[in-house]
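Q:
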Amino acid sequence: MGPLVVNGIISENTNLLLAFIIGIGFGFVLESSGFSSSRKLAGVFYGYDMVVLKVFFTAAITAMLGMLFLSLFGWLDLDLVYVNPTYLSSAIIGGVVMGAGFIIGGFCPGTSFAGASIGKIDAMVFIGGLFIGVIIFSEGYPLWDNLYMAAFKGSPKLSESLGLSDGLAALGIILAAIGMFYVAEWAEKKFPREEY
Numbered sequence: 005m006g007p008l009v010v011n012g013i014i015s016e017n018t019n020l021l022l023a024f025i026i027g028i029g030f031g032f033v034l035e036s037s038g039f040s041s042s043r044k045l046a047g048v049f050y051g052y053d054m055v056v057l058k059v060f061f062t063a064a065i066t067a068m069l070g071m072l073f074l075s076l077f078g079w080l081d082l083d084l085v086y087v088n089p090t091y092l093s094s095a096i097i098g099g100v101v102m103g104a105g106f107i108i109g110g111f112c113p114g115t116s117f118a119g120a121s122i123g124k125i126d127a128m129v130f131i132g133g134l135f136i137g138v139i140i141f142s143e144g145y146p147l148w149d150n151l152y153m154a155a156f157k158g159s160p161k162l163s164e165s166l167g168l169s170d171g172l173a174a175l176g177i178i179l180a181a182i183g184m185f186y187v188a189e190w191a192e193k194k195f196p197r198e199e200y
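Using the working numbering, read the sequence shown as starting at 5 and increasing by one per residue.
(1) Would you kindly work out how many angstroms separate the C-alpha atoms of I97 and A154, rounded to a whole number?
(2) Looking at the structure shown, is Y200 part of a helix, part of a strand, or coil, going by DSSP?
(3) By the DSSP assignment, the alpha helix (DSSP H) with K194 in it spans what residues?
(4) Have a look at the DSSP bridge pairing and note the partners of Y91.
(5) Between Y52 and P146, which are expected to be in contact by the criterion C-beta below 8 Å, what is the C-beta distance as a whole number of angstroms?
(6) Anyone know if the C-beta pair for F49 and I107 falls short of 8 Å?
(7) Using 10 angstroms around the beta-carbon of Y200, count the other beta-carbons present and answer buried if the total reaches 16, otherwise exposed.
(8) Are there 16 or more other CB atoms within 10 angstroms of the CB of S41, so buried, or fewer, so exposed?
(9) Beta carbon of M68, beta carbon of A191: below 8 Å?
(10) Mind checking which residues open and close the alpha helix (DSSP H) that includes L69?
(11) Are there three or more Cβ pairs, one per stretch, closer than 8 Å when the stretch 68-79 is compared with the stretch 123-140?
(12) Cβ of N150 within 7 Å of any heavy atom in the ligand COA?
(13) Using only the alpha-carbon positions, how far apart do N11 and S94 sit?
(14) Thinking C-beta only, is L57 closer than 8 Å to A181?
(15) State the DSSP-derived secondary structure class of L8, mapped to helix, strand or coil.
(16) Measuring alpha carbon to alpha carbon, tell me which of E16, L72, P89 ends up nearest D81.
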């Protein structure tokens with residue numbers, strides 16, 4: 005039963021090797037899908053290209069359903085799956101900062117490395133900015149430690165927060181995704197990108 009490392013089915017080193025292989029595959033898929041272009045991610049914010057939103061929402065739903073079914077069959081213990089602790093203030097501020105970076109740079113961390121791997125200079129500059137941001141954050145951490153640790157909410161699951169079963173919460177997320185797909189289609193028609 006998973007998780008594999010926690011239950012001693014695979015070693016930590018094997019886990020890292022698998023993560024490395026999956027990461028290479030993920031990068032390959034990003035590049036093959038055209039996600040190494042800054043126009044793809046920027047298109048989400050301007051409404052003319054919602055492919056990134058659709059793909060990542062679909063991936064999240066697939067992972068959610070996979071984990072839910074694996075737990076129903078007794079192959080995965082969801083109580084052993086790590087859930088990041090929630091610090092509400094820093095999550096909101098971090099989301100704003102990351103969103104601004106996405107709009108300004110046209111990349112997210114994953115797509116920037118995919119772009120850099122094929123020689124895109126704007127992606128390399130974005131990665132440079134990413135490392136500068138990491139250094140500033142880590143070196144200046146004592147300045148914003150209190151903000152970073154504020155509004156701690158534990159490690160809640162959405163289903164627990166809403167008082168729903170995991171299955172019902174999953175159904176709600178799927179319905180929300182279907183609605184989001186319709187809105188995305190509407191946005192692409194409403195804000196078409198002008199070709200020059």
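Each residue gets a CB set at the ideal place from its N, CA and C atoms; glycine is no exception.
A: Looking at the coordinates:
(1) 11 Å
(2) Note that Y200 has pLDDT 48, beneath the 50 cutoff, so the model's placement of it is unreliable and the number below is only indicative. In this structure, Y200 counts as coil in the three-state DSSP scheme.
(3) 170-194
(4) F156
(5) The Cβ separation is near 43 Å, so there is no contact.
(6) yes
(7) Caution is warranted here: a pLDDT of 48 is assigned to Y200, below 50, making its placement in the model unreliable, and no coordinate value can be reported.
(8) buried
(9) no
(10) 55-76
(11) No contact exists between the stretch 68-79 and the stretch 123-140.
(12) Summarising the ligand content, the structure contains no ligands, and the ligand COA is consequently not present.
(13) 32 Å
(14) Result no, Cβ atoms of A181 and L57 do not sit closer than 8 Å.
(15) Here L8 sits in coil by DSSP.
(16) When each option's Cα is compared against that of D81, the closest is L72.
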